[in-house]
């Protein structure tokens, strides 16, 4: 599973993007898991705050470029980017505050994911970048 949830006690839930081989890229599978997880935690009365982080060397490299390059139809691109937007809107519009815990890189859509959170804190070594 690309996303895991751990109860830290006192209403705090830790959501981890767990795909270090792809630098926690935001693939279809990861985005679906994140959306399902955030919706579930938003409805959970015992959850008061959510901490979001990446496993391994960094937070997230953004979209999985191998997956993106393999998409042959425009409709598939739209599906991927709409799903990513839904995840970010769920964070923004959800009732539970989401704190991004960043180490290493937060690039492209990974950086946008951080920006969707209510609060972000990072190590001194964290780097942030978006294309363009």
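In the UniProt record's numbering, the protein residues as written are 1 to 132.
Glycine included, C-beta positions come from ideal geometry on N, C-alpha and C.
Subject >> Whole-angstrom distance between residue 124 and residue 29, CA atom to CA atom >> reply: 30 Å
**OP:** Determine the extent of the beta strand (DSSP E) in which residue 55 is found, giving its start and end residues.
**Re:** It is not in any beta strand (DSSP E) - residue 55 carries neither H nor E in the DSSP assignment.
**OP:** Just grab the DSSP bridge partners of residue 114 for me.
**Re:** Beta-bridge pairing links residue 114 to no other residue.
Subject >> Spatial neighbours of residue 100 in its chain, beta-carbon cut-off 6 Å, leaving aside the 5 residues before and after >> reply: 52, 114, 117 and 120
Subject >> Which of helix, strand or coil DSSP assigns to residue 107 >> reply: strand
Original post:
Contact between the region 3-22 and the region 52-65: three or more CB pairs below 8 Å?
Top reply: yes
**OP:** For residue 84, collect the residues of the same chain with a Cβ closer than 7 Å to its Cβ; drop the 5 residues on either side in sequence, then sort them by chain order.
**Re:** 26, 31 and 109
Original post:
Excluding sequence positions up to five away, which residues of its chain have a Cβ less than 8 Å from the Cβ of residue 168?
Top reply: Absent from the model: residue 168. The displayed extent of the chain is 1 to 132, so no value can be given.
Original post:
By DSSP, does residue 7 sit in helix, in strand, or in coil?
Top reply: strand
Subject >> Chain-order list of residues whose beta-carbon lies under 7 Å from that of residue 98 (same chain, five-residue window excluded) >> reply: 50, 52, 91, 117 and 118
**OP:** Under 6 Å Cβ to Cβ from residue 122, same chain only, skipping five residues before and after it: list those, please.
**Re:** 102
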